[in-house]
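Q: If you're matching positions, the sequence shown starts at 4 in the working numbering and goes up one per residue.
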Amino acid sequence: MKVIISGDHAGMTIRNEVKSLLEEMGIPYEDIGCTCETSVDYPDYALPAAERVASGEFDRGILICGTGIGMSIAANKVKGIRCALTHDVYSAKLTRQHNDSNMIAMGERVIGPGLAREIAKTWLETDFEGGRHENRLGKINTYEENNR
């Protein structure tokens, strides 16, 4: 697995925690997030990360901003991306099992670094269940193909 991580000015602390986790887990990653704490525009960081996951260059992506909302909205505009906003471990697990999410977004102003690590670890270690969920994702994929 290869992961891309990105974030805006409001996600620096949690982004560093997640990078440490990826290193501990031995997962190769690239961080394309901003390196400053001055205000930047989150789409400038979410969209390139999402495009690189959608292209297959990366298997998964993790986005971090103040709330995670803006980055998840931006990422989900990219065809083939299923980015889930996750602020708890249960949602992180189920978004992999049921939705085969290929990106998650978290908000540094919503959760702390310890929980961010737990969420990312759970999400990275959880597999898609397939089965009945494949049909549901198929409906989303068909809609996406026919309406973009």
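For each residue, glycine too, the CB sits at the ideal point set by N, CA and C.
1. Measure how close the beta-carbons of residue 69 and residue 56 come, nearest whole angstrom, since I'm counting them as under 8 Å.
2. Alpha carbon to alpha carbon, how far is residue 141 from residue 79? Give it in angstroms, no decimals.
3. How would you label residue 104, buried or exposed, when you count the other beta carbons within 10 angstroms and need 16 or more for buried?
4. For residue 45 and residue 93, I'd like the C-alpha separation in whole angstroms.
5. What do you get for residue 125, buried or exposed, if any count of 16 or more other CB atoms within 10 angstroms of its CB means buried?
6. Does the pairing of the stretch 131-145 with the stretch 108-119 give three or more beta-carbon distances under 8 Å?
7. Assess contact between the stretch 35-52 and the stretch 10-23, defined as three or more Cβ pairs (one per stretch) separated by less than 8 Å. Is contact present?
8. Of all the options 59, 4, 50, 71, which has the alpha carbon lying nearest to the alpha carbon of residue 17?
9. Given a cut-off of 8 Å, decide if residue 95 and residue 74 are closer than it, judged by their beta-carbon atoms.
10. Taking the alpha helix (DSSP H) that residue 47 belongs to, which residues open and close that run?
A: Based on what the coordinates show:
1. By 1-based counting over the sequence shown, the position of residue 69 is 66. By 1-based counting over the sequence shown, the position of residue 56 is 53. Not quite, the Cβ-Cβ distance comes to about 22 Å (not below 8 Å), so this is no contact.
2. Along the sequence shown, one-based indexing puts residue 79 at 76. Along the sequence shown, one-based indexing puts residue 141 at 138. Residue 79 and residue 141: Cα-Cα distance of roughly 16 Å.
3. Within the sequence shown, residue 104 is the residue found at index 101, counting from 1. By the 10 Å Cβ count, residue 104 comes out buried.
4. On the sequence shown, residue 45 is found 42 positions in, with the first residue counted as 1. On the sequence shown, residue 93 is found 90 positions in, with the first residue counted as 1. Answer to the nearest angstrom: the Cα atoms are 26 Å apart.
5. Position 122 of the sequence shown holds residue 125. Buried, because 16 or more other Cβ atoms sit within 10 Å of the Cβ of residue 125.
6. Between the stretch 131-145 and the stretch 108-119, the count of Cβ pairs shorter than 8 Å is below three; the stretches do not touch.
7. yes
8. Here residue 17 refers to the residue found at position 14 of the sequence shown. Ranking the options by Cα distance to residue 17, first place goes to 71.
9. Taking the first residue of the sequence shown as 1, we reach residue 74 at position 71. Taking the first residue of the sequence shown as 1, we reach residue 95 at position 92. In this structure, residue 95 does not lie closer than 8 Å to residue 74 by Cβ.
10. Within the sequence shown, the letter at position 44 stands for residue 47. Its alpha helix (DSSP H) spans residues 46-57.
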